[in-house]
Structure formats: C-alpha cells, structure tokens
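In my numbering, the protein residues as written are 179 to 420. As structure tokens, the structure follows; a few thoughts come after it.
Written out as structure tokens, the structure is:
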C-alpha cells in the first residue's frame with residue numbers, strides 16, 4: 179500500500195513559508211539538487227533517508243521534537259535520539275548537534291507553525307504585593323513575572339526568541355531603576371499610583387507595553403499610562419527613537 183506523505187510535505191512547506199525561504203534555498207542547505215527537492219515538495223514524496231530529513235530540520239532551524247514530528251510524518255521509524263547513536267556521516271552529526279542546541283535554547287512550549295494568528299495564553303499570577311519586598315528584591319520578582327508572561331504569551335518559537343532578546347536588553351536598563359520597577363508592581367496590585375514622571379524613558383517602552391498588556395481593560399491601561407505621564411505621542415516617539 180502506497181503511503182501518503184502529504185502531511186510531511188505540507189509541514190515542510192509551512193516551515194519554508196514561515197522563514198520566507200524557497201525549495202532552491204533548501205536544496206543548497208542539504209546538498210541535494212534543486213529539482214529533487216522541488217519534486218519532494220510538489221509531488222508529495224519523501225526524502226530518500228531519515229538522515230536527509232534531519233538535515234532538512236536543521237536547515238529550517240527546528241528542534242528535536244519538531245524533527246521527530248517530520249520523521250513520523252515521513253513514515254520513518256526513527257527518532258533523533260536513535261539516529262544520534264547510529265549515524266556516522268559528519269553532515270548528519272552536525273545537523274543533530276544543531277537540533278540539540280535549538281531545543282535547549284528554545285522555550286518549553288514548542289508548536290508546529292500554523293496559519294492561525296498567535297494567540298495569548300493564560301498569564302502568570304502577578305508577583306507578591308510590594309509590601310512584602312524591599313524595592314530591589316521586588317524588582318527582581320517583577321522582572322521574572324514579565325519574562326514568564328512573554329514566555330507563555332507567544333507560541334511561535336522564533337518569534338518568542340526575538341522578543342526575549344529584546345526583553346533582556348530592556349532588563350539591563352530596568353535594573354538601573356529598581357525602585358521605579360517596584361512602582362509598576364504596585365500598579366498591578368492596586369490599580370493606582372501617584373502620578374510621577376515615567377520611570378524608564380524611551381528605553382523602557384517594552385516594559386511599559388508588557389505591563390499594560392497584562393491589564394484586563396482599556397480603562398486600566400489608560401489609567402496606567404496617565405499615572406506614568408505617558409500619552410500616545412510619547413509611545414510613538416519612543417518607537418521612533420528605538
């Protein structure tokens with residue numbers, strides 16, 4: 179009975195589309211003729227060996243779990259864990275090493291690409307009330323909360339990686355104003371805060387948006403921006419400066 183590789187081909191095409199790559203690009207990455215790769219992707223055929231699937235996954239910047247899914251859809255009875263112990267060619271060994279690195283560097287939540295938009299997931303509970311922490315300690319709790327919120331708010335692994343790199347850049351700026359960071363936590367718990375100058379300036383735009391994104395209503399967000407002396411023009415200016 180002829181096996182159906184349509185799901186395998188569809189998933190590879192979606193990964194290519196997500197990275198805005200072509201069959202010609204993939205053929206160069208895995209060392210196969212362009213006509214051969216195009217035939218796999220247009221005629222619902224699978225590559226000639228599981229090792230080639232592994233190299234395709236590495237070229238597409240996937241992790242181990244995602245590669246295992248491709249192997250399964252290609253109807254190969256192999257997993258990356260098995261091939262790691264048996265392959266001898268250096269190209270496949272390097273590909274497996276790349277899969278391992280991306281798996282260890284990626285978020286705990288991995289998903290296959292989808293045409294559906296990224297949807298926010300349930301946010302973490304806010305950090306403990308600021309009265310239980312001195313400002314420096316509470317700032318650390320708040321930063322962890324914002325980081326975990328970004329971790330679970332975006333499903334797409336590459337999108338999340340970009341956001342986390344931006345967030346870490348912002349954290350280096352936020353740490354210069356730990357007491358001001360505690361004020362953000364106060365607002366999360368009480369819904370109010372004494373009006374004052376915005377604590378982070380344009381460099382902290384991401385932190386402001388992360389906190390306002392955790393607020394339930396537009397009214398709450400407007401209240402927060404007002405407490406921070408932030409207006410729409412400030413956000414636009416900050417975006418331009420960045």
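Beta carbons: idealized from backbone N, C-alpha and C, even for Gly.
Inspect the beta-carbon positions of residue i and residue j and report whether they are closer than 9 Å.
i: residue 236; j: residue 276; result: yes
i: residue 183; j: residue 238; result: no
i: residue 218; j: residue 228; result: no
i: residue 187; j: residue 211; result: no
i: residue 234; j: residue 251; result: no
So what's residue i in DSSP terms, helix, strand or just coil?
i: residue 280; result: helix
i: residue 225; result: coil
i: residue 195; result: helix
i: residue 233; result: helix
i: residue 205; result: helix
i: residue 217; result: helix
i: residue 189; result: helix
Nearest-angstrom Cα distance between residue i and residue j?
i: residue 384; j: residue 282; result: In this prediction, residue 384 has a pLDDT of 44, which is less than 50 and means its spatial position is unreliable; what the coordinates show is noted afterwards. So the two alpha carbons sit approximately 25 Å from each other.
i: residue 185; j: residue 231; result: 14 Å
i: residue 290; j: residue 189; result: Confidence is the limiting factor: at residue 290 the pLDDT is only 44, short of 50, which leaves the residue's position unreliable, though a coordinate-based value still follows. Cα-Cα distance, rounded: 8 Å.
i: residue 181; j: residue 253; result: 8 Å
i: residue 256; j: residue 264; result: 11 Å
i: residue 259; j: residue 273; result: 13 Å
i: residue 196; j: residue 270; result: 23 Å
i: residue 268; j: residue 262; result: 11 Å
i: residue 200; j: residue 246; result: 22 Å
Can you list, in chain order, the residues of its chain with a C-beta nearer than 6 Å to that of residue i? Leave out the 5 residues immediately preceding and following it.
i: residue 206; result: none
i: residue 213; result: none
Grab me the residues of residue i's own chain with a C-beta within less than 7 Å of its C-beta, minus the 5 sequence neighbours each way, in chain order.
i: residue 266; result: none
i: residue 191; result: 219
i: residue 204; result: 194, 215, 234, 237
Which residues in the same chain have their Cβ closer than 8 Å to the Cβ of residue i, if we skip the five residues on either side of it in sequence?
i: residue 240; result: 193, 248, 277, 280
i: residue 208; result: 215, 230, 233, 234, 237
i: residue 198; result: none
- What residue ranges within the stretch 243-283 form continuous alpha helix (DSSP H) runs of no fewer than 4 residues, ordered along the chain? 258-264, 268-283
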